Amino acid sequence: MDDPQAIRHVQPLVIRSDLLVEAATAHAELRKAASETVVNESRQKIRAGLAAFQEGVDTLEASTAAQLMHRVEASTSTAELLLGDGKGNADKI
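Just so you know, we're using our numbering here: the sequence shown kicks off at 1 and counts up by one.
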């Protein structure tokens, strides 16, 4: 990944995924010793964290797809210019 913008979007997801692993580990410990209420609250927090993580992944995927489409459109436009318009006008470039 050589795009600085993409790296800027991926780093928070990596951090969030690390935090989710830590939360799941802590939750496992809570299940051994804590009350059902505390365990349920922990479970809800993990679910909210997972939902936020998924939203971030979806946003990154949409951004990546938009960037790819932009590159395809630019490449297509360039190719059309280089090949001409099919009416013999390629020499006007």
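Even glycine gets a Cβ: it sits at the ideal position worked out from N, Cα and C. Because the structure is a prediction, the values reported are computed rather than measured.
Checklist entry - In this structure, does DSSP put A6 in helix, strand or coil? => result Counting from one through the sequence shown, the residue named residue 6 turns up at place 6. Note: A6 maps to helix in three-state DSSP.
Item to check | C-beta atoms of V10 and L60 nearer than 8 Å | outcome: As a working mapping, residue 10 is identified with position 10 in the sequence shown. As a working mapping, residue 60 is identified with position 60 in the sequence shown. Yes, the pair counts as a contact, with Cβ atoms nearer than the cut-off.
Item to check | Contiguous alpha helix (DSSP H) assignments of at least 4 residues, all confined to the segment 4 to 53 | outcome: 4 to 33
Item to check | Nearest residue (CA-CA) to A28, options L19, D18, V39 | outcome: Numbered from its first residue, the sequence shown carries residue 28 at position 28. If we check each option's Cα against that of A28, V39 comes out closest.
Checklist entry - If you draw a straight line from the C-alpha of Q54 to the C-alpha of P12, how long is it? => result Against the sequence shown, residue 54 aligns to sequence position 54. Against the sequence shown, residue 12 aligns to sequence position 12. Q54 and P12 have their C-alpha atoms spaced approximately 12 Å apart.
Next on the checklist: On the CB-based measure, 16 or more other CB atoms within 10 Å of its CB, does S75 come out buried or exposed?
Outcome noted: What you label residue 75 is simply residue 75 of the sequence shown in a count that begins at 1. That one is exposed.
Item to check | Whole-Å CB distance - L20 paired with L50, under 8 Å assumed | outcome: Start at 1 with the first residue of the sequence shown, and residue 20 comes out as number 20. Start at 1 with the first residue of the sequence shown, and residue 50 comes out as number 50. Yes, they are in contact, since the Cβ atoms of L20 and L50 sit about 7 Å apart, within 8 Å.
Checklist entry - What is the rounded straight-line gap between the Cα of Q44 and the Cα of A23? => result Stepping through the sequence shown from its first residue, residue 44 is reached at position 44. Stepping through the sequence shown from its first residue, residue 23 is reached at position 23. In a straight line, the C-alpha of Q44 is about 11 Å away from that of A23.
Checklist entry - Alpha carbon to alpha carbon, what distance is there between S42 and A33? => result The sequence position of residue 33 within the sequence shown is 33, counting from 1. The sequence position of residue 42 within the sequence shown is 42, counting from 1. The straight-line gap from Cα to Cα measures roughly 13 Å.
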